[in-house]
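Numbering (our numbering), first residue to last: 697 to 926. Structure record follows, encoded as structure tokens.
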């Protein structure tokens, strides 16, 4: 496109009768071309800098070599916003039959957690339904038609991120179920323990930065979460 314009101008200057007029026209068009190129380059750079990716992983929940449920997690990145959506379903029998359905959603903007929610039903009854929202520089917890301000600094990771990323330098993360931060402890190379309440804890195992197994331990029972090959 640009070489064609230049060729056209040369022809005009060659065959035109007024050289000064053609030169002024040439200069004006060159300035317009420079302006066009500037905005084109800026807009193109902005377009390429907007990263849009999607990733999904699934884990089977195993107890005594039997699969009792699944966890499906989707990670969506759109420019500076990262969204995680988790859905899980467990059917197990301990003293009685137990059916657990859980939906979680987490949103980060510029690496800072701005929204998270948990909705969980056990045997058809709602056992958890709350959300965390960052507004005006602070975190607000909404639950049971109540509103509570939490004394938390900017949160950069919560539990759901451990399914995707090894917490090599992370010491604390936000636990949505407990509505508070919990400690992440490195116990072996590639293995990290996260303690919850009442003796419950998870051990996350990683290989080459990817989570390959999660051991969920409690006094009542223990299960393992194993990634499902796609």
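For glycine and all other residues, C-beta sits at the position ideal for the given N, C-alpha and C. Bear in mind the structure is a predicted one, so any value in this text is a computation, not a measurement.
Please say whether residue j and residue i have beta carbons closer to each other than 8 angstroms?
{"i": "residue 897", "j": "residue 880", "result": "no"}
{"i": "residue 795", "j": "residue 766", "result": "no"}
{"i": "residue 860", "j": "residue 771", "result": "yes"}
{"i": "residue 757", "j": "residue 924", "result": "no"}
{"i": "residue 811", "j": "residue 828", "result": "yes"}
{"i": "residue 862", "j": "residue 869", "result": "no"}
By Cβ distance below 8 angstroms, which residues in the same chain neighbour residue i in space, the five residues on each side in sequence not counted?
{"i": "residue 808", "result": "830, 850, 851, 852"}
{"i": "residue 867", "result": "879, 880"}
{"i": "residue 887", "result": "899, 900, 901, 902"}
{"i": "residue 845", "result": "834, 835, 836, 837"}
{"i": "residue 764", "result": "757, 758, 786, 787, 788, 919"}
{"i": "residue 790", "result": "916, 917"}
{"i": "residue 762", "result": "none"}
{"i": "residue 822", "result": "815, 816"}
Less than 7 angstroms between C-beta atoms, sequence neighbours within five positions excluded: which residues of the same chain meet that for residue i?
{"i": "residue 893", "result": "874"}
{"i": "residue 776", "result": "805, 806"}
{"i": "residue 843", "result": "836"}
{"i": "residue 749", "result": "773"}
Leaving out the 5 sequence neighbours to the left and right, which residues in its chain are closer than 6 angstroms to residue i when beta-carbon positions are compared?
{"i": "residue 818", "result": "796"}
{"i": "residue 891", "result": "897"}
{"i": "residue 780", "result": "771, 802, 856"}
{"i": "residue 751", "result": "771"}
{"i": "residue 883", "result": "889"}
{"i": "residue 769", "result": "753, 782, 859"}
{"i": "residue 911", "result": "899, 920"}
{"i": "residue 905", "result": "862"}
{"i": "residue 824", "result": "814, 816"}
{"i": "residue 798", "result": "784, 816"}
What is the C-beta distance between residue i and residue j, in whole angstroms, given that I count them as a contact (C-beta under 8 angstroms)?
{"i": "residue 854", "j": "residue 872", "result": "6 angstroms"}
{"i": "residue 858", "j": "residue 755", "result": "The pair is not a contact, with the Cβ atoms about 12 angstroms apart (cut-off 8 angstroms)."}
May I ask you to list the residues that DSSP assigns as paired with residue i?
{"i": "residue 765", "result": "757, 786"}
{"i": "residue 791", "result": "According to DSSP, residue 791 bridges with nothing at all."}
{"i": "residue 803", "result": "779, 811"}
{"i": "residue 773", "result": "749, 778"}
{"i": "residue 920", "result": "758, 911"}
Does chain B have any CB closer than 8 angstroms to the CB of residue i?
{"i": "residue 924", "result": "Absence of chain B from the displayed structure is noted, only one protein chain being present."}
Query raised in the report: Residue ranges of each beta strand (DSSP E) run of no fewer than 3 residues wholly in the region 818-905, ordered along the chain?
Result: Entirely contained in the region 818-905, the beta strand (DSSP E) runs reaching 3 residues are, in chain order, 821-831, 834-839, 842-846, 868-871, 876-884, 887-891, 897-903.
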